[in-house]
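Peer 1: Top to bottom, those sequences are chains A, B and C. Going by the numbering used here, the first residue of the first sequence is number 47, and it counts up by one from there. Going by the numbering used here, the first residue of the second sequence is number 10, and it counts up by one from there. Going by the numbering used here, the first residue of the third sequence is number 36, and it counts up by one from there.
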Amino acid sequence: MLKARLTKMWAYAGMGLVLGIVIFIFIYIFAKGAGSIDLEFLLESPRGAVLGMEGGIFPAIMGSLAFTLTAVVLGGIPAVATAVYIVFICKRSSFENIIRGVLQCIAGIPSIVLGLFAYSFLVRDLAIGRCILASSAALAVMIMPFIEARVEKSLREIPQQMLSSSYALGCSRGYTVFHIALPYVRQEIISALILGGCFAMGATPPLIFTGGVAFSGVPQTLLEPAMALPLHLYLLVAQGTPSLGAAYGTAFVMMAVILISNALATFYGRRRRWK
Amino acid sequence: MEMILRLEKVSAYYGKKSALKEVSMSVPKKQITAIIGPSGCGKSTLLRCINSLLSEEKDASYTGDIFLGEKNTRDIEGDELRRRIGMVFQTPSPFPFSVYKNMTYAPKYNGVHSKKELDRIAVEKLKMTGLFDEVSAELDKSALKLSGGQQQRLCIARALTVDPEILMLDEPCSALDIKSSAIIEKMLAELKKTYTIIIVTHNLAQAKRIADRTVFMYDGHVIEEGPTDEIFGNPKKEETKDFLSGVFG
Amino acid sequence: MGKKLNSAFLLIITVLTAMALLVLAFVIFFIVKEALPVLETAGLSELLTGSRWMPVDYGTSGGMAFGLFNFIAGSVAVSFLAIVISSVVGLGAAMYLSCAAGERTRAFVYPVIDLLAGIPSVVYGFVGIVVMLPLFLKAGVHTGSCVLAAGILLSAMLLPFLVSSCSDTMLRAKECYMPSAEAMGISKWYAMATIVLPASWRNILFSMILAVGRAMGETMAVMMVIGNANLFPNILGKGETIASVIALEMGTAVVGSAHYHALYMAGLILMIIVFFINMGIMLLRKHLLNRGGAGNA
Numbered sequence: 047m048l049k050a051r052l053t054k055m056w057a058y059a060g061m062g063l064v065l066g067i068v069i070f071i072f073i074y075i076f077a078k079g080a081g082s083i084d085l086e087f088l089l090e091s092p093r094g095a096v097l098g099m100e101g102g103i104f105p106a107i108m109g110s111l112a113f114t115l116t117a118v119v120l121g122g123i124p125a126v127a128t129a130v131y132i133v134f135i136c137k138r139s140s141f142e143n144i145i146r147g148v149l150q151c152i153a154g155i156p157s158i159v160l161g162l163f164a165y166s167f168l169v170r171d172l173a174i175g176r177c178i179l180a181s182s183a184a185l186a187v188m189i190m191p192f193i194e195a196r197v198e199k200s201l202r203e204i205p206q207q208m209l210s211s212s213y214a215l216g217c218s219r220g221y222t223v224f225h226i227a228l229p230y231v232r233q234e235i236i237s238a239l240i241l242g243g244c245f246a247m248g249a250t251p252p253l254i255f256t257g258g259v260a261f262s263g264v265p266q267t268l269l270e271p272a273m274a275l276p277l278h279l280y281l282l283v284a285q286g287t288p289s290l291g292a293a294y295g296t297a298f299v300m301m302a303v304i305l306i307s308n309a310l311a312t313f314y315g316r317r318r319r320w321k
Numbered sequence: 010m011e012m013i014l015r016l017e018k019v020s021a022y023y024g025k026k027s028a029l030k031e032v033s034m035s036v037p038k039k040q041i042t043a044i045i046g047p048s049g050c051g052k053s054t055l056l057r058c059i060n061s062l063l064s065e066e067k068d069a070s071y072t073g074d075i076f077l078g079e080k081n082t083r084d085i086e087g088d089e090l091r092r093r094i095g096m097v098f099q100t101p102s103p104f105p106f107s108v109y110k111n112m113t114y115a116p117k118y119n120g121v122h123s124k125k126e127l128d129r130i131a132v133e134k135l136k137m138t139g140l141f142d143e144v145s146a147e148l149d150k151s152a153l154k155l156s157g158g159q160q161q162r163l164c165i166a167r168a169l170t171v172d173p174e175i176l177m178l179d180e181p182c183s184a185l186d187i188k189s190s191a192i193i194e195k196m197l198a199e200l201k202k203t204y205t206i207i208i209v210t211h212n213l214a215q216a217k218r219i220a221d222r223t224v225f226m227y228d229g230h231v232i233e234e235g236p237t238d239e240i241f242g243n244p245k246k247e248e249t250k251d252f253l254s255g256v257f258g
Numbered sequence: 036m037g038k039k040l041n042s043a044f045l046l047i048i049t050v051l052t053a054m055a056l057l058v059l060a061f062v063i064f065f066i067v068k069e070a071l072p073v074l075e076t077a078g079l080s081e082l083l084t085g086s087r088w089m090p091v092d093y094g095t096s097g098g099m100a101f102g103l104f105n106f107i108a109g110s111v112a113v114s115f116l117a118i119v120i121s122s123v124v125g126l127g128a129a130m131y132l133s134c135a136a137g138e139r140t141r142a143f144v145y146p147v148i149d150l151l152a153g154i155p156s157v158v159y160g161f162v163g164i165v166v167m168l169p170l171f172l173k174a175g176v177h178t179g180s181c182v183l184a185a186g187i188l189l190s191a192m193l194l195p196f197l198v199s200s201c202s203d204t205m206l207r208a209k210e211c212y213m214p215s216a217e218a219m220g221i222s223k224w225y226a227m228a229t230i231v232l233p234a235s236w237r238n239i240l241f242s243m244i245l246a247v248g249r250a251m252g253e254t255m256a257v258m259m260v261i262g263n264a265n266l267f268p269n270i271l272g273k274g275e276t277i278a279s280v281i282a283l284e285m286g287t288a289v290v291g292s293a294h295y296h297a298l299y300m301a302g303l304i305l306m307i308i309v310f311f312i313n314m315g316i317m318l319l320r321k322h323l324l325n326r327g328g329a330g331n332a
């Protein structure tokens with residue numbers, strides 16, 4: 047019976063620790079960061095002898111928004127298309143395996159190497175310069191396998207007989223996918239895109255050499271560099287004590303975004319029956 | 010007796026695994042043909058060959074010829090073929106829309122857009138399956154809210170919306186209670202005035218009750234086919250006798 | 036929708052997929068292409084086993100050297116530490132979720148644990164710096180930065196993946212064996228320890244190995260607390276990982292120089308390790324599945 051008791055202790059301790067970590071990180075950041083958050087912090091540019099001592103993070107918020115949205119568009123559309131292709135169109139397992147191998151390989155590329163790629167190929171070889179588009183391309187490649195896997199999983203969970211019923215009525219694949227499959231998983235797709243967006247928003251490495259900068263205004267086009275929240279946080283931390291307050295504030299904003307997005311994604315991801 | 014469907018040496022494969030072995034049989038027009046046999050004997054695969062649904066599946070294929078009337082089904086496009094041969098599945102699978110949208114889904118695909126015509130089709134086919142009186146007040150209700158038996162009848166009505174010549178049912182009653190099954194059996198007896206019906210069933214009593222003709226399959230082969238009375242009353246093959254007397258299956 | 040629209044839809048999907056695949060394949064090709072030139076300056080054996088890293092010739096004795104050994108060892112050490120810590124904690128949580136928690140608790144706890152996966156790694160690094168490093172400093176670790184700190188941070192980041200995959204496995208094993216165990220009057224925790232856990236160990240091991248792959252590529256959090264010194268990793272000493280070398284040095288590497296190509300090679304090595312881990316596990320799973328491997332598929 048000792049075995050049983052030890053296992054039980056292990057289980058409760060593990061669960062407690064995991065929840066403890068989650069709660070600790072969020073409470074810590076929210077408690078420490080709350081003091082820095084006010085309208086000025088959210089709506090003004092960083093200032094001060096050491097950047098970030100005064101002012102706010104408005105350009106970084108807008109920059110992150112630009113990076114993330116561009117990445118979700120660039121990565122999300124091919125991800126959904128690939129998932130539909132694998133599940134509904136591809137008829138040969140061998141071809142499916144090739145696609146899977148490539149996706150697997152891409153998912154294995156560390157994000158820093160993707161940043162490297164975007165820098166060498168887009169910024170330098172194609173000479174589009176350091177800009178949002180270059181970073182977002184790297185982010186898009188990073189989140190594409192992530193979104194694809196989620197969408198593919200939800201497509202596979204559609205009851206097979208429902209699809210067969212549509213085929214059996216003489217309706218084509220295109221019509222079936224468009225009118226049955228995609229509406230059926232619409233919420234899961236939204237959820238996958240939100241989580242993919244979170245993933246992109248929090249990633250720093252792909253921005254370092256490509257389109258993320260320490261200071262700039264609010265970006266007007268995708269062809270100029272911009273500030274981003276995670277990069278800003280990294281630089282504030284690297285500067286040390288003078289800008290620590292702003293660092294807590296920046297972390298606060300990011301954690302709030304994560305919390306809200308995750309709540310939304312969970313809400314959407316839950317299978318809800320059509321009423 | 011006019012045969013509407015004829016199969017000649019049809020074999021089917023999932024990857025390298027063979028599921029049907031040189032099946033030959035024929036189906037008479039405007040009658041009910043039951044296909045019986047132990048599970049895994051290839052009954053469902055056979056249906057999927059007939060309306061070429063098999064070719065929608067990964068790594069699946071079939072050889073041999075199937076004739077619909079005089080025409081080889083390989084010369085008919087998949088969509089067209091499946092419009093002419095309807096199919097209903099084991100578990101009721103209404104689309105997650107309203108009853109009305111379920112009924113107009115396929116007609117819309119085929120280019121029917123006038124509200125009047127769509128209404129006419131929906132009402133007519135719902136009446137055929139006896140569902141109209143039960144749901145006429147709630148055509149906008151989600152089809153998922155109907156009872157299991159109603160859902161299955163909706164699926165049958167839905168299959169009829171494209172006016173198929175043949176209606177295939179793959180164990181349509183196995184997920185239903187006795188009462189719902191009885192309603193469906195009665196309805197099928199009505200429907201055979203208009204349509205040719207092929208029903209796969211593992212319920213021998215059901216086959217005996219409703220089928221004009223019965224086909225016994227075992228291990229991918231058609232062992233015996235003939236009028237239902239003969240198959241049940243005087244089976245010629247050992248396997249058929251054993252199966253009917255409950256030795257296996 | 037007519038036939039034309041249908042084929043147009045299929046065409047669009049196919050073209051998009053093909054484009055995506057070409058782009059992804061090009062990314063892989065490009066990285067390989069940029070990595071290979073370094074072999075003209077340094078042999079593969081020097082890259083993999085050398086520990087001297089002198090990417091720019093400052094005229095010091097010995098000239099340039101491109102030994103990645105310490106970095107590779109750093110990446111492996113940090114990942115390994117993280118997996119060990121994360122597994123101990125994560126397995127406990129997975130046991131709780133699969134055995135003690137009901138459907139509703141699980142539906143609530145999973146999204147909460149998933150939050151850990153959503154936290155940006157730079158925030159982990161930040162928390163590590165302001166919370167953990169002072170503790171290590173107090174404990175006598177010089178500057179507080181060390182391999183262990185990185186391992187602990189990384190272990191928290193791996194928890195969501197480990198918990199969800201392990202609890203899935205254990206839930207399946209539980210559903211398979213628990214009813215008969217309970218019918219014999221065995222308590223559920225005893226059955227957990229003696230039946231469910233042993234029946235799931237293989238899949239748990241797979242998840243752990245897959246987690247190594249995820250851990251290897253992590254950049255920011257590790258870089259912020261590991262100290263970044265080219266040393267052989269020691270649990271309370273500083274170290275440096277492949278990912279942090281790339282992040283720290285790419286900004287100063289002259290394009291086209293041996294240094295530049297060496298950083299690409301570092302990235303490629305990391306990529307290959309992760310790829311082989313993922314592929315290996317996938318093939319192993321398939322192989323075991325084909326053999327009809329025991330009821331814990």
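Heads up, the beta-carbon is just placed ideally off N, CA and C, and yes, glycines get one too. As the structure is a prediction and not an experimental result, all values here were calculated from the model.
I want to verify the contact list: residues of chain A whose CB lies under 9 Å from the CB of asparagine 313 of chain C, in sequence order.
Peer 2: Ordered by position in chain A, the residues that pass the 9 Å Cβ test against asparagine 313 of chain C are Gln150, Cys151, Ala153 and Gly154.
Peer 1: Using DSSP with H/G/I as helix, E/B as strand and the rest coil, what is arginine 318 of chain A?
Peer 2: Bear in mind that the predicted position of arginine 318 of chain A carries a pLDDT of just 44, short of 50, making it unreliable; the figure below should be weighed with that in mind. Arginine 318 of chain A: coil per DSSP, three-state reduction.
Peer 1: Does the Cβ-Cβ distance between valine 231 of chain C and methionine 205 of chain C come in under 7 Å?
Peer 2: Their beta carbons are under 7 Å apart, which means valine 231 of chain C touches methionine 205 of chain C by this criterion.
Peer 1: Cβ closer than 8 Å: which chain A residues qualify as neighbours of glutamate 138 of chain C?
Peer 2: Those do not exist, as glutamate 138 of chain C stays about 13 Å from chain A at its closest Cβ, beyond 8 Å.
Peer 1: How many angstroms separate the CA atom of glycine 122 of chain A from the CA atom of glycine 154 of chain A?
Peer 2: In a straight line, the C-alpha of glycine 122 of chain A is about 18 Å away from that of glycine 154 of chain A.
Peer 1: With the cut-off set at 7 Å, would you say isoleucine 207 of chain B and leucine 197 of chain B are in Cβ contact?
Peer 2: no
Peer 1: Give the straight-line distance between the Cα atoms of leucine 59 of chain C and arginine 138 of chain A, rounded to the nearest whole angstrom.
Peer 2: 21 Å
Peer 1: Output the boundary residues of the beta strand (DSSP E) element that contains proline 236 of chain B.
Peer 2: 230-236
Peer 1: Within this structure, are the beta carbons of valine 182 of chain C and glycine 274 of chain C separated by less than 7 Å?
Peer 2: yes
Peer 1: On the DSSP bridge assignment, give the partners of serine 27 of chain B in chain order.
Peer 2: B:Tyr22
Peer 1: Secondary structure at threonine 42 of chain B, three-state DSSP: helix, strand or coil?
Peer 2: strand
Peer 1: Thinking just about the alpha-carbon of each residue, which of B:Asp172, B:Cys164, B:Cys182 and B:Asp179 is nearest to the one in serine 212 of chain A?
Peer 2: B:Cys164
Peer 1: From the DSSP secondary-structure annotation, give me the bridge partner or partners of glycine 274 of chain B.
Peer 2: Residue coverage of chain B in this structure runs from 10 to 258, which leaves residue 274 of chain B outside it and unanswerable.
Peer 1: What residue from A:Ala311, A:Ala302, A:Cys177 and A:Arg146 has the CA that sits closest to phenylalanine 310 of chain C's CA?
Peer 2: A:Arg146
Peer 1: Whose C-beta lies closer than 6 Å to the C-beta of arginine 87 of chain C among residues of the same chain, with five residues either side of it excluded?
Peer 2: Ala100 and Gly102
Peer 1: Using 7 Å as the limit for Cβ to Cβ distance, is asparagine 308 of chain A near chain C?
Peer 2: yes
Peer 1: Quick check on valine 64 of chain A - is its C-beta less than 7 Å from some C-beta in chain C?
Peer 2: yes
Peer 1: Does glycine 60 of chain A have its Cβ less than 7 Å from a Cβ in chain C?
Peer 2: yes
Peer 1: Once DSSP output is grouped into helix, strand and coil, what is the label at leucine 45 of chain C?
Peer 2: It is helical.
Peer 1: Going by DSSP in three states, asparagine 381 of chain C sits in which element: helix, strand or coil?
Peer 2: It is not possible to answer for residue 381 of chain C, since the shown part of chain C is limited to 36 through 332.
Peer 1: Hey, how far is the Cα of glycine 295 of chain A from the Cα of isoleucine 73 of chain A?
Peer 2: 13 Å
Peer 1: Quick test of your reading: leucine 298 of chain C and valine 67 of chain C, contact by CB under 8 Å. State the CB separation rounded to the nearest angstrom.
Peer 2: At roughly 14 Å, the Cβ-Cβ gap does not stay under 8 Å, so leucine 298 of chain C and valine 67 of chain C are not in contact.
Peer 1: Does DSSP classify asparagine 269 of chain C as helix, strand or coil?
Peer 2: Three-state result, asparagine 269 of chain C: coil.
Peer 1: What residues from chain A crowd round lysine 67 of chain B, counting only those whose CB sits closer than 9 Å?
Peer 2: Cys136, Lys137, Arg138, Ser139 and Glu142
Peer 1: Can you pull out the residues from the segment 191-222 of chain A whose beta carbon lies closer than 7 Å to at least one beta carbon of chain B?
Peer 2: Pro205, Gln207, Met208, Ser210, Ser211, Tyr213, Ala214, Leu215, Gly216, Cys217, Ser218 and Tyr221
Peer 1: Contact between the segment 144-152 of chain B and the segment 74-89 of chain B: three or more CB pairs below 8 Å?
Peer 2: no
Peer 1: Tell me isoleucine 206 of chain B's beta-bridge partners as DSSP assigns them.
Peer 2: B:Ile41 and B:Leu176
Peer 1: Establish whether the CB of tryptophan 224 of chain C and some CB of chain A are separated by less than 7 Å.
Peer 2: yes
Peer 1: Where does phenylalanine 76 of chain B sit, in a helix, a strand or coil, going by DSSP?
Peer 2: Phenylalanine 76 of chain B falls in the strand class under three-state DSSP.
Peer 1: What did DSSP end up calling valine 36 of chain B once you bin it into helix, strand or coil?
Peer 2: strand
Peer 1: Can you check which of these residues, C:Ser110, C:Leu82, C:Met54 and C:Ala43, is closest to alanine 264 of chain C by C-alpha distance?
Peer 2: C:Ser110
Peer 1: Provide the residue span of the alpha helix (DSSP H) that contains valine 224 of chain B, from first to last.
Peer 2: For valine 224 of chain B, there is no enclosing alpha helix (DSSP H); the enclosing beta strand (DSSP E) has its first and last residue at 222-227.
Peer 1: Give the DSSP bridge partners of alanine 69 of chain B, in chain order.
Peer 2: Alanine 69 of chain B pairs with B:Tyr23.
Peer 1: Starting from isoleucine 226 of chain A, find everything on chain B with Cβ-Cβ shorter than 7 Å and list it in chain order.
Peer 2: Chain-ordered, the chain B residues with CB closer than 7 Å to the CB of isoleucine 226 of chain A read Phe104.
Peer 1: Does DSSP classify arginine 141 of chain C as helix, strand or coil?
Peer 2: helix
Peer 1: If you run the structure through DSSP and keep just helix, strand and coil, what is phenylalanine 115 of chain C?
Peer 2: helix
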